[in-house]
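Protein chains in written order, with my numbering: chain A, 15 to 269; chain B, 743 to 1114; chain C, 8 to 356. Heads up: the structure comes next, in structure tokens.
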Amino acid sequence: MSDPEHSGLVLRGVTVARGRRNVVTGMSAALVGGSITALIGPNGAGKSTLLGAVAGVLPCSGTILLDGRPSHPGEVAYMPQSTAVRASLTALEVVLLGRLDRLGWRVAAEDLSQAAGALDALGVGGLARVRIDTLSGGQQQLVLLAQRLVRRPRLLLLDEPTSALDLGRQMRVLDRLSDYARQSGAVVVMALHDLSLAARYASSLLLMKDGALVVAGSPDAVLTPAGIRRAYGVEAEILRTSHGHPVIAPLAPAS
Amino acid sequence: MNRLTAALAAMLTLGCALLAVVPSAEAEIVVTDVEGRRVTLAAPAQRVLLGFYYEDFLAIVGPGAMDRVVAISRAPWKDWRPMQYRAYAAAIPRIEALADVGSLDAGSFAVEAAVAARPDVAILAAWQFKGLGPAVATLEAAGVPVVVVDYNAQTVERHVASTLVIGKVMGAEARAERLAAAYRAAVEDTTARVERADGGRPRVYVELGQKGPAEYGNSYGNGMWAGVIALAGGDNIAAGQVASWGPLSPEYVLASQPEVVLITGSEWLNAPDGVLMGFGIEQGLTRERLAGYPGRPGWQDLPAVAGGQVHALYHGGTRTLYDYVYLRYLAKVLHPAAFADVDPAAELKAYYARNLPIAAEGTFMLRLAARP
Amino acid sequence: MTTAALLGGYRRDERRRAILLAAACLLLAGICAVDLATGPSAMPLAEALRALAAGPEGADRTLAAILWQIRLPTTLMGVLVGASLGVAGLQMQTILDNPLASPFTLGFSAAAGFGAALAIMFGAALPVAGWLLAPAAAFVTTLAAAGLVYIVARLRGSGPEVLVLGGIAVLFLFQALQLLLQYMASPEVLQQIVFWLFGSLLKANWTSIAVLAAIMAAVLPVLARDVWQLTALRLGEAHARSLGVAVTGLRRRVLLCVALLTAGAVAFVGTIGFVGLAAPHAARALAGEDQRVLMPLAALVGAIMLVGASVLAKTLSPGAVLPVGIVTAIIGVPMLFALVLRRGAGERS
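Right under this line is the structure:
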């Protein structure tokens, strides 16, 4: 039961401290469901830290509300940036774990087919019976992503989910995530380095620098040469593809 | 010169020669201890560091023995045989005042304390000698000759040799000869009777009764009680199973069906279920502790239990000059007819009365009556 | 691969694992039978079976005593202790995220040894039977060690590093205390203490079996409930948390379970090493990481290992008691080597 007025993710004055330093300071934003929101910014801007705080993994101060109330773990899925898995579970078993709360001593056919379907949708169905610790980094990422999706979370937080993937798989994953957001109305927040991908797939962007929100808005509003110069210290040109997608081409470091 | 003068001159020369030789013979003692080491002492020792074998030392040296002792290793006496120690300390208060050189087996031997007591000689057991290792050289370098004796081997040869060595070192050769001869005679008498007896070799199971009936304590395959059993003409079920000592498997004990069971006890202070015996221990207490053993699983059908041949023996009854008493007790149990006229308990009392300053008051050997 | 094919494959794997468990049970039953038939009395199998069937009050009292008071308790204790150590070792490896962990990693065995040494040395002061005092003391000190580690975990977070460091500190503490007692002890008491540390199934009696069985009956269901959470923990803390697993609470809960199982196992038979380390690895090599199968299999492999070691010990030294802890080391080491080599080969290919 989502209250239309309060649906989505609301952050108010979120501050995350690491040791004595504030990595994220006073972050406030409102994110809607049903589409992808990209979190961009230079290294050390606090993107990973913010995602961790929203996921409940890192302690923070401030208010985080999902659909007008605090979130509970069952509806949140979080994928950290780089975590190699050493267990000798098969990919299918790993994805099955996404339905942890519903599993009993016997695995129901329903859960199995959901898991298999999730793997298929990301194009790694063929790895279902392969042990995850023998997969490449990119393949592991895909399997773990399938696991998060199988949970059908209301809030999906992803930290650089495409970092180890090749061009084709990147597109496939982002297509799948867009589909998921649209079909389920979930709030999907993704930290991305690739500005062009962010511009293409996200409907709204949050640009962070030095732990604070610099600007939020649509890709066209945020990704301007001036904004990029301020945030990254780089001179860039915004081009358009034949499909109308913006492409950010860096030219030279800003003087 | 006529023949008479020549003879007188010869006698005079011989006399002088003898006079020259005799004083030096009295002045110096050369002893070969049981490890084959030659030790030279200027005179019979007046200040002794005694490591072990306290009772044997007292017996050999006789009255005033402890006046010639300046330091002992107290732990093996006071901790292992507390009541025995107490009895001796009551009779000879000097014992409590002696310097303690620490426990030679736990590596806490205090060389400094030993040397500070300025002993003329250190008399150590073979196991202590081995345990000390390089510390022996330290002692000798500090001017303390080390003499090794060994009653633990439980052989007549070593018993006799050790006794004579102590006698020579202390200038008590006469007593030493008497005791050694008595020991040898007793053992020879025992083995002769055993040979004459025709009761076969009954199966014997010996166990250290420190932990009580609930747990199977050590048995002896070699040395200590194993030696005693062998001499007494018994078949030790632990022989060949245990290297020197260790517990036997309960099932093995049952399967061996021993005809005689010996539980050895001592005056332990911290053995709530153990078989207590020794100085100052009442017979009733020993019997009470021993009575639990026939109740072990499967024991009621053992020949030893059914035949009333469950005995308790004082664990301090080996490796000493009077251990022939315990040997004879066991031999009498195994071959009653051949030892009908032998009373080991009386022999023990007599030994103490003759050689030691205290009386053997307590429980040292006991037979548990068969259940009616 | 189609979903239907995937389903079929998974179900086949499940069946294979069920068969594996059944086979392990059969193997355990078989080795128990061998253990019951082995012993210094050298009675033929038929006689042993007859004595078993005749019950504890059978006509031949000696045979009944041998079978029912000596052999059967030893075998049963081997099964229970082996199973406890197998499960405890597996979960210790899980919560510490460390394949080298064993039930004794956090100092539990050192604590148990200290407790037993205390009881052996000073037990006379208390009005409790000697045979009961050492296990009770060992149990209490093991739980004390677990409590210390638990306190560290509460104060500094229950991450694996914190647990291991806390555990090492506890280990050294109790080892030092144990050495102190050994130093103070007379040779006979010292030998008792050392023998206790070796571990021996011959100390088993029906009371200790009942107590350990009760502990297992209380603890195993708690662990069973967390089967999926523990499997998820194998993915690493970050992923497990993201799946909604309350990792901190899980670690603490499992720590207590492991402590109880270890305390129960060690208190009655002394410290038997290697079973807790090798059994989980063998089980994992056979069945993978799914804890629904891995936990029971670790228990079964542990039991098989220990009962097998008992058979070997009885064969090698029929008369004297060869502490089973020595034999588990003898068979455990080649087992570990084999597992390491196999794993290395698999990764290289």
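The C-beta atom is built at its ideal place from N, Cα and C for all residues, glycine as well.
- About 10 Å separates the CB atoms of residue 130 of chain A and residue 105 of chain A; that is not less than 8 Å, and the two are not in contact.
- Burial state of residue 9 of chain C is exposed, judged by a 10 Å Cβ sphere holding fewer than 16 other Cβ atoms.
- Interface annotation for the region 42 to 56 of chain A against chain C: empty, criterion Cβ-Cβ distance under 9 Å.
- Under the 8 Å criterion on CB atoms, residue 214 of chain C is classed as non-interfacial with respect to chain B.
- Taking a cut-off of 8 Å on C-beta distances, the region 796 to 815 of chain B touches the region 1088 to 1101 of chain B, as three or more cross pairs fall below it.
- For residue 215 of chain C, the closest C-alpha among the options C/42, C/76, C/153, C/57 is that of C/76.
- For residue 115 of chain A, the C-beta contacts it makes with chain C under 8 Å involve 251, in order along the chain.
- Rounded to whole angstroms, the Cβ separation of residue 314 of chain C and residue 89 of chain C is 6 Å, and the two are in contact under 8 Å.
- Using a 10 angstroms sphere on the CB of residue 1077 of chain B, the tally of other CB atoms reaches 16 or more, which defines it as buried.
- DSSP places residue 1053 of chain B in the strand class (E or B) of the three-state scheme.
- In the displayed model, residue 76 of chain A falls within a strand according to three-state DSSP.
- Put simply, the region 1041 to 1059 of chain B touches the region 1102 to 1110 of chain B. At least three CB pairs are less than 8 Å apart.
- Listed along chain A is no residue with a C-beta nearer than 9 Å to that of residue 233 of chain C; the closest approach is about 11 Å.
- Using a Cβ-Cβ cut-off of 8 Å, residue 317 of chain C does not count as an interface residue toward chain B, since no Cβ of chain B sits closer than that to its own.
- Under the three-state reduction of DSSP output, residue 328 of chain C falls in the coil class, being neither helix nor strand.
- Contact annotation for residue 327 of chain C against chain B: 961, 963, 980, 983, 984, 985, 988, 989, 990, 991, 994 [CB-CB distance below 9 Å, chain order].
- A direct Cα-Cα distance of roughly 34 Å separates residue 133 of chain C from residue 968 of chain B.
- Bounds of any alpha helix (DSSP H) do not take in residue 73 of chain C, whose DSSP letter is neither H nor E.
- With fewer than 16 other Cβ atoms from the protein chains shown falling within 10 Å of its own Cβ, residue 340 of chain C counts as exposed.
- Within the same chain, 250, 251, 253 come within 7 Å of residue 263 of chain A by CB-CB distance, once the 5 residues on both sides are set aside.
- The beta carbons of residue 330 of chain C and residue 213 of chain C sit no closer together than 8 Å.
- Membership of residue 1110 of chain B in the beta strand (DSSP E) is indicated by the continuous run 1107 to 1110.
- In the three-state scheme derived from DSSP, where H, G and I count as helix and E and B as strand, residue 834 of chain B is classed as coil.
- If the five residues before and after residue 159 of chain C are omitted, its C-beta is found closer than 7 Å to the C-beta atoms of 169, 173, all from its own chain and listed in chain order.
- For residue 853 of chain B against residue 1073 of chain B, the beta-carbon gap comes to about 43 Å, at or over 8 Å, which does not count as contact.
- Scanning the region 95 to 169 of chain A from its first residue to its last, the whole alpha helix (DSSP H) runs of 4-plus residues come out as 105 to 110, 123 to 135, 151 to 164.
- Secondary structure at residue 255 of chain A: coil, using DSSP grouped into helix, strand and coil.
- With contacts defined by Cβ atoms closer than 8 Å, residue 278 of chain C and residue 119 of chain C form a contacting pair.
- Distance from the Cα of residue 190 of chain A is smallest, within the candidate group A/178, A/162, A/261, for A/162.
- Counting C-beta atoms within 10 angstroms of its own C-beta, residue 86 of chain A has fewer than 16 neighbours from the protein chains shown and is therefore classed as exposed.
- Within its own chain, the residues whose Cβ lies closer than 8 Å to the Cβ of residue 317 of chain C, once the five positions on either side in sequence are excluded, are 42, 81, 82, 85, 208, 331, 334, listed in chain order.
- Of all residues in the region 1037 to 1056 of chain B, the ones placed with a Cβ closer than 9 Å to any Cβ belonging to chain C are 1038, 1039, 1040, 1041, 1042, 1043, 1044, in chain order.
- Counting of Cβ neighbours within 10 angstroms places residue 881 of chain B among the buried residues, the total reaching 16 or more.
- Burial check for residue 347 of chain C: the Cβ neighbour count within 10 Å stays below 16, so the residue is exposed.
- In this chain, the beta strand (DSSP E) harbouring residue 27 of chain A covers 23 to 32.
- DSSP places residue 884 of chain B outside any alpha helix (DSSP H), giving it a letter other than H or E.
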